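If you use the UniProt record's numbering, the sequence shown corresponds to residues 1 to 422, in order.
Glycine is no exception: its CB is placed at the ideal position from the N, C-alpha and C atoms.
A quick note: this is a predicted structure, and the numbers were derived from the prediction, not measured.
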Amino acid sequence: MEIYDYVTDSAGNHITADDIVWMLQACVDAGLKTCYDKIDTITKTGDYTLQVKLKQNVVGAFETILTSTYVVSKAAYEADGNDFATQIVSTAPYIVTEFTAGSTMTIEKRDDYWQKPELIPAGNAANVDKITYHVITEASQAGIALETGELDGFMSLDPNTATQFVGNSTFSMIDTPYINGYQMFFSGDPSRTITDDVNLRQAICYAIDVDGLITGVFAGYGSKMHDSAANTAMGYLEKWEDEEYYPYDPEKAKELLAQSNYNGEELVLLAGSNSTMQRLTQMIQGYLAQVGITVKLNLADPALLTSIRLDGSQYDMFINTVGGDWLSDHWATRYDMNAYATGDACARHDEVLADMLYSTWTEDGFTEENIDAVHNYIKDNMYGFGMVQPSNIDIWRSDIGLTETVRTSKGSINWAASVYSE
């Protein structure tokens, strides 16, 4: 890799290959994401060049590493001495001028941004001088803030709140497919009876009315999934949309349940505690009760969820929202038995699936035939059930003069890079 020789951070530090090597190695040492697990060596080859060698040739892995790594100067990080807990120094076109954890963050355009205007991509443009972001987790409060003018726009508005703005000329709204889906993953830990009971896992899927979830939880803003990965992932096969994928069939669910080892015991469903997850899990609990499956909800706050989500002994089912730019990203995050100390993301050790994944990840192996084989293996064994791919709803006041929207890689509007009238 070669970097520009005139990059500076917001503290005035000149960025060289030493900074990139240091940052990459810090990410590897900290195990920040599974993509860093794939790095073998990081070597400086010149003042502005470096080489990153991967352990294996995995489709999309190098791109994921690049887009996951933020450029920070080693000098600024060491001078701070507090892991940037109270300030942020970066190479971005904005600086953070105000920050209150869990509440607000204000960014302002840098006068000394290093990149030449003609080389700035549309997605990195700084077309707004100052933006203040507000964290509002309660859907109704978000609606009130928009109506009162406290907010000019909102990213990923709750569908049930968005419905109140339909037809209101004061606001403009766009909904697009989100890159993450709402999926149910099943424990692979030996201590849970569901681990070795494919009939029970399949019965659960047939018992869930996904159309009902889309209407009842997402106000119609969403679509049925046909894989545990969203259809925006590179490598996703369009033909899956026409295949049968666990349609709502309570009688089929009861038939499979009778063939399973389930004896009426309470199954634990783990999920987050936000309002969407509360509605979603309560509906699923109701659907499963109708076919004779008893479910206990464990709706955990973010800290607790993070601490137990990889421990399959803590649950039978886990609802998560997992995306991935590539199918290989999604598979690595969820199904690689060597990804975590406990196995895959649900503590499963499936060597057959691991071999299939590894052969598919290569440039030569990332073929439609191999991709389809992995899809069918996961679907038949029902390790992960894709339920709803929600719409991403962005809304803004029409009087802010937004004339051209620019999207982030996640699908939401990039408010800083979008174009506005004078």
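Distance from the CA atom of G143 to the CA atom of A162, rounded to whole angstroms, is 8 Å. Taking the Cβ atoms as the reference, I95 lies roughly 6 Å from E108, within the contact range of under 8 Å. Counting along the chain, the unbroken alpha helix (DSSP H) around E368 starts and ends at E368 to N381. In the three-state DSSP reduction, S275 falls in the helix class (H, G or I). Under the three-state reduction of DSSP, H226 is assigned to coil, being neither helix nor strand. For E251, the three-state secondary structure derived from DSSP is helix. In this structure, W240 lies away from H134, with their beta-carbon atoms at least 8 Å apart. Where M356 is concerned, the enclosing alpha helix (DSSP H) starts and stops at E351 to W361. T195 has its alpha-carbon roughly 29 Å from the corresponding atom of G365. The beta carbons of S187 and Y315 sit closer together than 8 Å. Annotated three-state conformation of L32 is coil, per DSSP. Checking the DSSP bridge columns, you'll see P390 partnered with G222. The C-alpha of G212 lies about 49 Å from the C-alpha of E118. Ranking E255, T170 and T215 by CA distance to the CA of N199 puts E255 first. Looking only at Y182, G411 and G401, the smallest Cα-Cα distance to N127 is reached by G401. Ranked by Cα distance from L257, the options V291, Q115, Y77 and Y246 are led by V291. When the Cα atoms are used, E147 and L297 turn out to be separated by approximately 34 Å. D175 and G81 have their C-alpha atoms roughly 43 Å apart. The beta carbon of V295 sits closer than 6 Å to the beta carbons of L267, L269, Q285 and L288 from its chain, once the five residues preceding and following it are set aside; these are given in chain order. At the C-beta level, D189 and S68 stay beyond 8 Å of one another.
Across the structure, E63 and K53 are spaced so that their CA atoms are roughly 13 Å apart.
About 24 Å separates the beta carbons of M225 and G343, which is beyond the 8 Å limit, so they are not a contact pair.
For Y340, same chain residues with a beta-carbon under 7 Å away, outside a window of 5 residues either side, are L310 in chain order. Ranked by how close their Cα comes to the Cα of T360, the residues W331, G153, A345 and R348 have W331 in first place. The three-state secondary structure of P177, taken from DSSP, is strand. Straight-line measurement puts the Cα of A203 at about 39 Å from the Cα of F165.
In the DSSP assignment, Q51 forms a beta bridge with T43.
One alpha carbon belongs to Y420, the other to E404, and they sit about 7 Å apart. Per DSSP, the beta-bridge partners of S172 are W396. Looking at the DSSP output, F99 sits in a beta bridge with M105.
Rounded to whole angstroms, A92 and Q25 show a C-alpha spacing of 21 Å. A direct Cα-to-Cα measurement between A233 and D227 gives close to 11 Å. Three or more beta-carbon pairs drawn from the segment 8-21 and the segment 70-86 are found closer than 8 Å, and the two stretches are therefore classed as touching. Burial check for P302: the Cβ neighbour count within 10 Å stays below 16, so the residue is exposed. Rounded to the nearest whole angstrom, the C-alpha separation of K44 and S328 is 28 Å. Excluding residues up to 5 positions away in sequence, Y248 and Y287 lie with their Cβ nearer than 7 Å to the Cβ of D209 in the same chain.
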